[in-house]
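First the structure, in the form of structure tokens, and then the observations on it.
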Amino acid sequence: MAVVFQKPHALTDAVLHYCPGCPHGIIHRLVAEAIDSLDIEGRTIGIAPVGCAVMAYDYFNCDMMEAAHGRAPATATGIKRCRPECVVFTYQGDGDLASIGMAETVHAAARNENITVIFVNNAIYGMTGGQMAPTSLPGQVTQTSPYGRDVKHCGWPIRICELLSTLEGPEYVARVAVNNVKNVKAAGKAIEKAFRNQIENKGFSLVEVLSACPTNWGMTPQKALQWVESDMIPYYPLGVYKDRSAAKEEK
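For the sequence shown, the working numbering begins at -9 and goes up steadily by one.
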């Protein structure tokens, strides 16, 4: 009997520690599928963040390193410059990447470092109990904004893709989601492209993945996925925000 579906080799057999309904497992699989498809497992190095994915090193069959909070792009930069033959990726949440790690993210992008960044945006701090994140939506209720995010006091959410796309440096910046089958397939293609860009020495690629957090949103997994569709995607539109190679081909 032909095998039509199986676990990617780049994923370990470790049981995921994430909450029920958390899409981190889906995103892990998409990263692993890209590694398998491109046959780069033996030369891939992943950088685990501080946040819900802090133990990502347990789940990938490639070399992994743990970075200090927010410093994954800087760590990836150092590894890539020392070992340019390796494929280096970071896996980060919105608190890690868009708050304490904002400077590292922006400057790595501005320098067009030849790394791949997987950015998981669930609009909340997950691991630490559901506090307001830089990406929490206006009016969104969190542990530190019980009456909803007030933009007059807390400022507006940060749209990372829109921000980075204004820089000259990045090669590829895209936003995807994993709330339904169609979007999961599109996310997989974007992640594989981000890895392929690095293999082809094109430079910095970031894929933002809109994700759910049923536990800290106080929703069932089903309602959380619906909220991604009804609330997150309108505020964070999906699409390719920068693709320098595609722009050159059009010219």
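Positions of the beta carbon are idealized from the N, C-alpha and C atoms, including for glycine.
Looking only at its own chain, which residues have a Cβ that is under 7 Å from the Cβ of Ala176, when we skip the five neighbours before and after it?
Val166
Looking at Ala202: is its Cβ nearer than 8 Å to the Cβ of Asn169?
yes
Suppose the cutoff is 6 Å on Cβ atoms and the five residues either side in sequence are ignored; what does the same chain contact list for Asn111 look like?
For Asn111, where only same-chain residues beyond five positions count, the Cβ hits under 6 Å are Asp84, Thr125, Glu198 and Leu200.
Please classify Trp217 as buried or exposed, where buried requires at least 16 other C-beta atoms within 10 Å of its C-beta.
buried
Just to confirm, are Met45 and His18 a CB contact at a threshold of 8 Å?
no
Taking its Cβ as the centre, do 16 or more other Cβ atoms sit within 10 Å of Thr210, making it buried, or is it exposed?
That one is exposed.
To the nearest angstrom, how far is the alpha carbon of Val78 from that of Ala38?
Rounded to the nearest angstrom, the two C-alpha atoms are 11 Å apart.
Nearest-angstrom Cα separation, counted from Pro227 out to Gly41
24 Å
Quick one, are the C-beta atoms of Pro204 and Cys9 less than 8 Å apart?
yes
Just the C-alpha distance for Lys192 and Asn104, rounded to the nearest angstrom, thanks.
When rounded, the distance between both Cα atoms is 7 Å.
Please report the Cβ distance between Phe109 and Leu196, rounded to the nearest whole angstrom; I am assuming they are in contact, meaning their Cβ atoms lie under 8 Å.
6 Å
Taking the continuous alpha helix (DSSP H) assigned at Lys172, which residues delimit it?
Val171 to Ile189
For the region 7 to 85, which segments carrying the alpha helix (DSSP H) assignment without a break, of at least 4 residues, lie completely within its bounds, in sequence order?
14 to 28 and 62 to 72
Can you give the Cα-Cα distance for Gly208 and Ala0, rounded to whole angstroms?
32 Å
Going by DSSP, what residues sit across from Leu1 in a beta bridge?
Phe50
Would DSSP call Asp221 helix, strand or coil?
helix
Contacting residues, own chain, Cβ-Cβ under 7 Å from Arg101 (five flanking each side not counted):
Gly159
In or out: Phe190 buried (at least 16 other Cβ within 10 Å) or exposed?
Checking the displayed sequence, the identity of residue 190 turns out to be Glu instead of Phe. Exposed.
Cβ shell of Leu87 (< 6 Å), same chain only, five flanking positions each side left out:
Thr95 and Phe109
Quick one: give me the first and last residue of the alpha helix (DSSP H) that Ser195 is part of.
Looking at the DSSP string, Ser195 is not in any alpha helix (DSSP H); the run it does join, the beta strand (DSSP E), is Ser195 to Leu200.
Check Ala123 in the structure and name its three-state DSSP category.
coil
Can you tell me where the alpha helix (DSSP H) with Ile259 in it begins and where it stops?
Nothing in the structure corresponds to residue 259, since the chain is present only between -9 and 241.
Phe194 and Ala24 - do their beta-carbons sit closer together than 8 Å?
no
Around the Cβ of Phe(-5), are there at least 16 other Cβ atoms within 10 angstroms (buried) or fewer (exposed)?
exposed
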